[in-house]
Amino acid sequence: MAAEDGIEAALARMAEALRARLAADAVARPLMVGIHTGGVWVAERLRRLLGLDTPLGTLDISFYRDDFTRIGINPQVRPSRLPFAVDDAYLILVDDVLHTGRTVRAALNELFDYGRPAAVRLAVLVERDGRELPIQPDVVGRHMALAPHQHVKLTGPEPLALTVQEG
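The structure is reproduced here in structure tokens:
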């Protein structure tokens, strides 16, 4: 669906919006956390574009999902890794696609199990319609309107590519 060029332009827009947000919030050293798997790929790219030297945190929210009893546990559960203190930190939470809001809710639950951040800003590569929870991104690379039966998937990590899947 979208070429790598479209993703690079979206990432550049996201980095510029994050720079502006960080300046407005007077934050010099934000900490970035990517949600496995696509959110980690996007976060790695944003860290490079922003020139951040702080380590990247990663979350696997499999055990925090509100539907894992219905759909089962992801067979590729990875450990979460937060190589910094969350308490009083300014966090940028990054995901690839924001759809229902349930993944972000699970990520916030997990983050707060590690501590109480000063602020959490949400950056997503793709925001699509179909929200079920009142979760809104602070920074968006691209908005997509899809039919209810369609899903957008990020593949990567090199190159990153978006595809729309039916079903």
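Numbering of the sequence shown is given in the working numbering, commencing with residue 1 and proceeding in unit increments. Glycine included, C-beta positions come from ideal geometry on N, C-alpha and C.
DSSP places Leu122 inside the beta strand (DSSP E), whose first and last residues are 119-128. Listed in chain order, the non-local C-beta contacts of Phe84 below 6 angstroms within the same chain comprise Leu31, local neighbours out to five positions each way being set aside.
Exposed is the label assigned to Thr54, since fewer than 16 other Cβ atoms lie within 10 Å of its Cβ.
Counting only residues of its own chain and dropping the five nearest sequence neighbours on each side, Thr155 has a CB closer than 6 angstroms to the CB of Ala161.
Taking a C-beta distance under 8 angstroms as the contact criterion, Val94 and Leu46 qualify as a contact pair. By the beta-carbon neighbour count (other beta carbons within 10 angstroms, threshold 16), Arg48 is exposed. Per the C-alpha coordinates, the member of Gly51, Val42, Gly34, Leu50 positioned closest to Ile61 is Gly34. For Thr37, no beta strand (DSSP E) run applies, since DSSP gives it neither H nor E. In the displayed model, Glu158 falls within coil according to three-state DSSP, outside both helix and strand. Taking 8 angstroms as the cut-off, the Cβ atoms of Gly141 and Arg13 count as close. Here Val120 has Leu91, Leu93 as same chain residues with Cβ atoms under 6 angstroms from its own Cβ, once five neighbours each way along the sequence are excluded.
For Val94, there is no enclosing alpha helix (DSSP H); the enclosing beta strand (DSSP E) covers residues 90-98.
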